[in-house]
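Scroll down for the structure; my scribbles are underneath it.
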Amino acid sequence: MIGIIDYGLGNIKAFINIYNRLHIPVKSIKTIHDFDDISRLILPGVGAFDFAMEKFNQSGLRDPIENLVFKNNIPIIGICVGMQMLAFSSDEGSLPGLGWIPGTVKKFDETLISYSTHLPHMGWNDIIINNNQTIFNDFEPDPKFYFLHSYYFQTENHNQIVATSHYGIDFTCAVNHKNIVGVQFHPEKSHHFGVKLLENFAKYPC
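The number in our numbering is simply the position in the sequence shown, starting from 1, with 7 added.
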């Protein structure tokens, strides 16, 4: 059963619709009583880093989720701001992040961006898969995903970089540490590429 963490941010319904079409059991997680039968978790996120962290910390879900992730080794994937929350901190705010994957979130340097509209980085972009990680199994060449962000995850360990993209600089758009995965793009808005990634995550090894 896929659990979509509903702490007040993210397009929960879009994820549920995709998994329903794939005939993969899914439900939203709103309270500590919703974790029965959960085998994988999705941490969505939109908006500002501090606001997302504050909402998550106040949701009452952080402690049980950390128990599942670190004691039971339940796979979890952070998406967009959900990925950024995995870091220690962000240039966008002052609150500490979760610190589940060593790194910090940095703002793009607009002077390096040649496009007329600098930030946010919005729209479709190619990604380069750096290792044969489970979420990208059986992907067709040159996959494209939908992005909407002004900040990117700067990991401390390059071995944890799963995929990169380019916007002024080459930046990390997917990370992995053990059972924890993060992607900067929006798979729920990325058509068949995103559907394939979410399907692969449902098979992610525990």
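Ideal Cβ positions, reconstructed from N, Cα and C, are used throughout, including at glycine.
- Ranked by how close their Cα comes to the Cα of Val190, the residues Pro212, Cys213, Ile176 and Gln161 have Gln161 in first place.
- Of the candidates Pro150, Tyr122, Ala59 and Leu126, Ala59 places its Cα closest to the Cα of Gly100.
- Restricting attention to beta strand (DSSP E) runs no shorter than 3 residues, the region 133-191 encloses them at 151-156, 158-162, 168-174, 176-184 and 187-190, ordered along the chain.
- One Cα belongs to Val169, the other to Gly67, and the distance between them is close to 31 Å.
- In this structure, Cys213 sits near Ile81, with a CB-CB distance shorter than 9 Å.
- Residue pairing by DSSP puts Ser97 in a beta bridge opposite Val112.
- For the 9 Å CB-CB criterion, Val112 and Tyr174 do not form a contact.
- Cβ-Cβ distances below 8 Å link Phe42 to Gly10, Ile36, Pro71 and Leu75 in the same chain, with the five nearest sequence neighbours on each side left out; the list follows chain order.
- The shortest C-alpha to C-alpha distance from Asn183 to any of Glu206, Leu16, His128 and Tyr211 is the one to Tyr211.
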